[in-house]
Each structure stands twice: as structure tokens, then as C-alpha cells.
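See structure below.
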Amino acid sequence: MLPSLLVYGLINSVTLAITALGFSLTYGISRVANFAHGALYVLAGFSMWFFLNRLLLNYYLAAALAILLTSLIGAAIYRLALIRVRGMPLLEIIVTFALGTAALESLRYFGFLGSHYSLPPMIRGTVNLLGVPVDQQRVALVVVGASLVLFLWLFTRHTRIGLAFRAMAQDEQAAMMVGIDSDFMATLSLALGSALVALAAVVVLPLSFIATESGSNILVSAIAVCILGGLESTAGVVVASLLIGYAQIITVTYLGPHYQMIVALLAILLTLILKPSGLFGQQKELEERV
Numbered sequence: 000m001l002p003s004l005l006v007y008g009l010i011n012s013v014t015l016a017i018t019a020l021g022f023s024l025t026y027g028i029s030r031v032a033n034f035a036h037g038a039l040y041v042l043a044g045f046s047m048w049f050f051l052n053r054l055l056l057n058y059y060l061a062a063a064l065a066i067l068l069t070s071l072i073g074a075a076i077y078r079l080a081l082i083r084v085r086g087m088p089l090l091e092i093i094v095t096f097a098l099g100t101a102a103l104e105s106l107r108y109f110g111f112l113g114s115h116y117s118l119p120p121m122i123r124g125t126v127n128l129l130g131v132p133v134d135q136q137r138v139a140l141v142v143v144g145a146s147l148v149l150f151l152w153l154f155t156r157h158t159r160i161g162l163a164f165r166a167m168a169q170d171e172q173a174a175m176m177v178g179i180d181s182d183f184m185a186t187l188s189l190a191l192g193s194a195l196v197a198l199a200a201v202v203v204l205p206l207s208f209i210a211t212e213s214g215s216n217i218l219v220s221a222i223a224v225c226i227l228g229g230l231e232s233t234a235g236v237v238v239a240s241l242l243i244g245y246a247q248i249i250t251v252t253y254l255g256p257h258y259q260m261i262v263a264l265l266a267i268l269l270t271l272i273l274k275p276s277g278l279f280g281q282q283k284e285l286e287e288r289v
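Below you can see the structure in the form of C-alpha cells.
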């Protein structure tokens, strides 16, 4: 029992981390809480399915195109809608949530319903980890998740765009004074955040069916992870994913799968009551924004 909890707890934690990193990155740079995050996840999954099964493209080409398309949609959301309400948090939430809901309802309208849509795994077969049989798609998920965290760490510290992102996150006004285009950086942050959630869809959705209903679960999980860890902290996302991921696996093991999302909702509630800034958030910055 313990080896199984350890292995599948880690897999669930990595799943939470890679689906939340895009939300955290977008908010940290542009201060936009992208409530279309879950819808973009679903759109990426259906896009890849379409490229594979209707256009008959190569698996990796289909994945790359799905990620690129989702990234462009994220950039378009900012340039066409969010730029008009930038700096008004409530309107930003309403706009992104409305766009996400419209996208999911459009998918339902065009017949993307039920359990008829799924993605093939990147890698087939099983391996034993601590004596627990695990399919290689889940192993690939963990590898992709770890690589993604390393990539973001290197990107934000050793590239010009990454350093500009950090400057925006620390002090937007000062960044603008030295010539950084705030709207361009915000557009890039939406594009990159959307690409990250699309990558998550590519590696996670082969483990289940593509369903429009999963968009809300992804959004709630991402919000829970980011609130618990601290909205702007990649380290916080990793730690919060481990805490919530293992808590969910233990809950599923002893109480059943219907209680899994309750763990995420409780994480949001308890964090807002006990430490609103999150584990790695800065209380001073939170108070200044309030």
C-alpha cells in the first residue's frame, strides 16, 4: 500500500504542477488571473485529437501544432479582450471566465461530448517502480514535469525575455521606465502560460478521455495549487502540488474518487483563512495590492 501511495502520489503531484504552472506564470507577470485556463486545456486536447484523427498528422507534429495554436489563442485573448480591461481584476476574471465558458459550450455545440475522444500515449508499456507497475506514459509525465520546472528556472534567469518577465513581476512601473513594453510582455505571458497548459494536456490526457467537463476541474486544481503555494512562486507551485497531490491520493484510497476535488477546495478555503498570501507568497505585497 505505501509504495503505491508514494508512486501515484508523486504522479498526481506532477500532474497538478504542470497544469498549474501556466496559471502561476501568467498571473506572476501580467497580474491576470486567467480563468480560461481550464478551457485552453480542453481546447488543446481536442485540437490534438483533430490533427491526429482528421488531418492524420504525425503524433509529435500534432502535439506541436496543438501547443502552438493554444499559445496563439492565449495571446489573442489578451490582445483582443484583456488589454481593454487591464488593471481591473474583477473584469479580467469575468472576461476570461466568459471566454472560456463560450469556448467549452462551442465544443459541446459541435458535438465534442461523451467519452469518444482520447489521445494515444506517447510511450506504451509498463515499468515497475518500488514494486508498483506503472505505465510508461505516467513516467513520461513525471519526466516532462521535472524538465518543465528546470526549463522555467533557466529561462527566467538566463534569457533576456525571462529577465524582462522577472522585472515585470517585481515592479511593472520600473520595468516600463527602462523600456520594457508592458502589454507586449503581458501578451507573451498569456501565450507562454497557454502553451504550458497545452503541453500539460498533451501528456496528461492520454491517461483519460477528453471531456469538456474536465476544464472546470483543471481550473479549480490550478487555483488551489497557486493559492496554497503563493500566486507568483514556482517553488510554491511545486510544494503545493506535492501537498495537495499526496492528500488527494490518500483521500481517493481511503474515501473514494468522489472526494478528490474536495481536497483542492479545502486547500483554497484553509489557505485563505490561515495564510492568504500562500506558503511562499509575500504578505506585504498582498496588503499593498489590497
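Heads up, the sequence shown is in numbering that gives the first Met the number 0, so the first residue is 0 and it goes up one at a time. Don't be surprised by glycine CBs; every beta carbon is placed ideally from N, CA and C.
Annotation: Q247 to M175 spans about 42 Å, alpha carbon to alpha carbon. Counting every other CB atom within 10 Å of its CB across the protein chains shown gives L218 a total of 16 or more, marking it as buried. In the structure shown, T158 adopts coil according to DSSP, grouped into three states. Residue pairing from DSSP places P132 in a beta bridge opposite N127.
The beta carbon of L4 is closer than 8 Å to those of Y245, I248, I249 and T252 in its chain, skipping five residues each way along the sequence. The DSSP-derived three-state label of S29 is helix. Y108 counts as exposed, since fewer than 16 other beta carbons sit within 10 angstroms of its beta carbon. Across the set V31, S23, N11 and I72, the C-alpha of I72 shows the shortest separation from the C-alpha of L39.
Taking a contact to require three or more Cβ pairs closer than 8 Å, the region 31 to 48 and the region 150 to 157 do not qualify as touching. Using a Cβ distance threshold of 8 Å, T270 and L227 count as a contacting pair. In this structure, H36 sits away from A200, with a CB-CB distance that is not shorter than 8 Å.
In this structure, S23 and L230 form a Cβ contact; the two beta carbons are roughly 7 Å apart against a cut-off of 8 Å. Here the region 205 to 212 makes contact with the region 113 to 132; the two share three or more CB pairs at distances below 8 Å. In this structure, Q136 is the residue among M121, Q136 and P120 with its C-alpha nearest to the C-alpha of N127.
Between the region 129 to 145 and the region 254 to 272 there are fewer than three inter-stretch CB-CB distances shorter than 8 Å, so the stretches are not counted as touching. For R78, the enclosing alpha helix (DSSP H) has its first and last residue at Y58 to L79.
Taking a C-beta distance under 8 Å as the contact criterion, S29 and S188 qualify as a contact pair. The DSSP-derived three-state label of F109 is coil. Annotation for E171: the continuous alpha helix (DSSP H) segment containing it runs E171 to M176. The alpha-carbon of I82 is positioned some 7 Å away from that of D182. When secondary structure is reduced to three states using DSSP, S117 falls in the strand class. In this structure, DSSP gives F208 an extended state, which the three-state scheme calls strand. Inter-residue distance for S276 and Y26 is about 14 Å (C-alpha atoms, whole angstroms).
When L56, V31, A74 and V41 are compared, the shortest CA-CA separation from A190 is found for A74.
I66 places its beta carbon less than 8 Å from that of A197. With a threshold of 16 other beta carbon atoms within 10 Å, Y77 meets it and is buried.
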